[in-house]
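These notes are about the structure you will find just below.
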Amino acid sequence: MQKLKYESPAIQKMNAGLMNKYGSRTEYEPVKQIDGVAVKDLIAQYGSPLFVISERTIRRTYQNAVRAFKTRYPKVQFAWSYKTNYINAVCKVFHQEGSWAEVVSGFEYRKALGNGVPGNKIIFNGPEKTNEELKLAITNDSLIHIDHFEELYQLIDLSDELGKQPRVAIRVNMDTGIYPMWDRFGFNFENGQAWSAIQKIVQSGKLQLTGLHCHIGTFMLSTDAYAIAVKKLGELAMNAKTQLNTQIQYLDLGGGLPSANTLRGAYLPGSDTIPSVDEFAEAISNALFQIGFSSNELPLLILESGRALIDDAGYLLGSVLANKRLSDGRRATIMDFGVNILFTSFWYEHKISPAQDFTHHTEDMVLYGPLCMNIDVVRQSVNLPLLNRGDQVVVHKVGAYNMTQWMQFIQMRPNVVMIDEKGNTHLIREAETLAYIEQMEKMPEHLKHFSL
Ligand SMILES: *Cc1c(COP(=O)(O)O)cnc(C)c1O
């Protein structure tokens, strides 16, 4: 038998806050493989840390969400929210499944075109759209979602210049009972701006008002909020029909459905508290039927769900660099990944599983990342088995927003691999190199040489 390592005893005070009702049981099981591929083989081949994406999980999650809505409402279309994860291989899985593209900048718009999405299946959101970008979108017959009056006038100008009638929608913000209200994007419902924008669009005769859009928040835990949003968009659509003789073709409810992650400070795990996609679909479809459209005039329901469709499919593999005792006796474990690549650790208490067998002795500990920066904390307090240098871990549900919001700070970004449905792994984004990071820099002549 291998001799166990001696660790000196330490007195510590409780830091974990209140116990939850299950006491301090450990929920951790070793996770040694992802979709049948061994974690240790993945790390041996692609290095540590490493993002892993399960193609099978993306497809299953997507198909479940589509089924939840299509069985309740006849006309449904999803549009993949590029900013949630715009690695092209990930986008293409969604497009293969039938998803359109939802983009919030010219850069994302061009990415969607580059991925082969037809222009008329790209939804162009966001507060900043340059003349060039709008011209491209108008020429491609994309669905342009107007954020503010300046953009409305900009579009009227451009439609004159191009001699085309762009297809537009307005983004509407509103009180859905969720506070703080997201009222910085689009036109407000309650103060009449949304209706005023609709009137201006229709009366201009230059733009085709085809849809109404909202995106009421993110990680929404209330299905009622969506029902309220449908009711308010429905009221605008009905008024457009009766007062302006304009038929709204689609209602786009944006994204915002939660993933099963646990928010920081939550009492119970996310998987036990979030409503299911079916519950959201039920609330939304019921509200749609109540607007009063006749069955041959039902608008298309568009959904731009991001995190709910990709979080589960993403894993981050990493390794332990070191352990130490803090001044108050707490155990601290330093990992080779930090907030630079796991941006969502600012919001979530990510579930972390050891990737090898362990003894059942556990301890509350802090998990730090490798950055030389005080805020680099992956988990403030987590009960885990004791991990040793070189041990590997799997962080769960990291598919959303990490591979777009990661920052190149102190460390470079690691490899990203996708495991396909047959269990083959594919490198879909290469780890960065020094040459890659420096390629955009320019050196003024007078700084090229020095001697020390
Ligand atoms: C970010 C965003 C989404 C996706 O949001 P999730 O909360 O991840 O579902 C959808 N639509 C718009 C306009 C967005 O900005």
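By my numbering, the letter at position 236 of the sequence shown is numbered 260, and the numbering carries on one by one without gaps.
Where a beta carbon is used, it is the ideal one built from N, C-alpha and C, also for glycine.
The structure presented is a predicted model; accordingly, all values stated were derived computationally and were not measured.
Point to revise | Where Gly-47 falls, given that 16 or more other Cβ within 10 Å makes a residue buried | key: Summary for Gly-47: the model assigns pLDDT 49, below 50, so the residue's position carries little reliability; its value from the coordinates is reported in the next sentence. Gly-47 is exposed by the Cβ-count criterion.
Point to revise | Glu-259: first and last residue of the uninterrupted alpha helix (DSSP H) it sits in | key: 247–268
**Study point:** Own chain, CB closer than 8 Å to Lys-45, minus 5 neighbours either side, in chain order
**Key:** Confidence in Lys-45 is poor, its pLDDT being 48 and thus under 50, which makes the residue's placement unreliable; the coordinate value appears in the next sentence. Answer for Lys-45: no residue qualifies.
Check your understanding: Is Asn-197 near ligand 1, with its Cβ less than 6 Å from a heavy atom?
Key -> For ligand 1, not one heavy atom lies less than 6 Å from the Cβ of Asn-197.
Check your understanding: By DSSP, does Lys-29 sit in helix, in strand, or in coil?
Key -> coil
Check your understanding: Looking at the structure shown, is Arg-80 part of a helix, part of a strand, or coil, going by DSSP?
Key -> helix
Check your understanding: Relative to ligand 1, what is the chain-ordered list of residues with a Cβ closer than 7 Å to any of its non-hydrogen atoms?
Key -> The answer, residue by residue, is Ser-105, Lys-107, Thr-108, Glu-126, Val-128, Asn-149, His-239, Thr-242, Phe-243, Gly-278, Gly-279, Gly-280, Leu-281, Glu-328, Ser-329, Gly-330, Arg-331, Ala-332 and Ala-424.
**Study point:** Opening and closing residue of the beta strand (DSSP E) in which Ile-376 lies
**Key:** 376–378
Review point. Which residues share a DSSP beta bridge with Glu-387?
Key: Leu-408
Exercise for review: Could you please give me the residues that DSSP links to Met-359 through a beta bridge?
Suggested key: Answer by DSSP bridge pairing, in chain order: Val-344.
Practice item. Determine the contact status of Asn-310 and Phe-367, defining contact as a CB-CB distance below 7 Å. Key: no
**Study point:** Within the stretch 74–159, ranges of the beta strand (DSSP E) (whole runs, at least 3 residues)
**Key:** Segments of the beta strand (DSSP E) lying fully in the stretch 74–159: 74–78, 100–105, 124–127 and 146–148.
Review point. Is it true that the stretch 193–212 meets the stretch 233–242, where meeting means three or more beta-carbon pairs spaced less than 8 Å apart?
Key: Here the stretch 193–212 makes contact with the stretch 233–242; the two share three or more CB pairs at distances below 8 Å.
**Study point:** Which of helix, strand or coil DSSP assigns to Arg-331
**Key:** helix
**Study point:** For Ala-290, the three-state DSSP class (helix, strand or coil)
**Key:** coil
Review point. Rounded to a whole number of angstroms, what is the C-alpha to C-alpha distance between Thr-457 and Arg-354?
Key: 36 Å
Check your understanding: Can you tell me where the beta strand (DSSP E) with Ile-272 in it begins and where it stops?
Key -> Note, Ile-272: premise wrong, no beta strand (DSSP E); not H, not E.
Review point. Along the chain, where does the alpha helix (DSSP H) that runs through Leu-366 open and close?
Key: Where Leu-366 is concerned, there is no enclosing alpha helix (DSSP H), given that its DSSP letter is neither H nor E.
Review point. Which same chain residues, not among the five before or five after Thr-81, have their C-beta less than 6 Å away from its C-beta?
Key: Asp-336 and Ala-337
Review point. With distances taken from CA atoms, which of Cys-396, Val-100 and His-420 is nearest Lys-56?
Key: His-420
Practice item. Just mark Ala-34 as buried or exposed, buried being the case when its beta carbon has 16 or more other beta carbons within 10 Å. Key: An exposed status is given to Ala-34, since fewer than 16 other beta-carbon atoms sit within 10 Å of its beta-carbon.
**Study point:** Segment limits, beta strand (DSSP E) that includes Met-427
**Key:** Where Met-427 is concerned, there is no enclosing beta strand (DSSP E), although the alpha helix (DSSP H) it sits in stretches over 426–429.
Exercise for review: Let me know if Phe-131 comes out buried or exposed under the rule of 16 or more other beta-carbons within 10 Å of its beta-carbon.
Suggested key: Classification for Phe-131: exposed.
Exercise for review: Compute the beta-carbon to beta-carbon distance between Leu-325 and Phe-93, rounded to the nearest angstrom, for a pair I have assumed lies under 8 Å.
Suggested key: Between Phe-93 and Leu-325 the Cβ distance is about 7 Å, and since that is below 8 Å, they are a contact.
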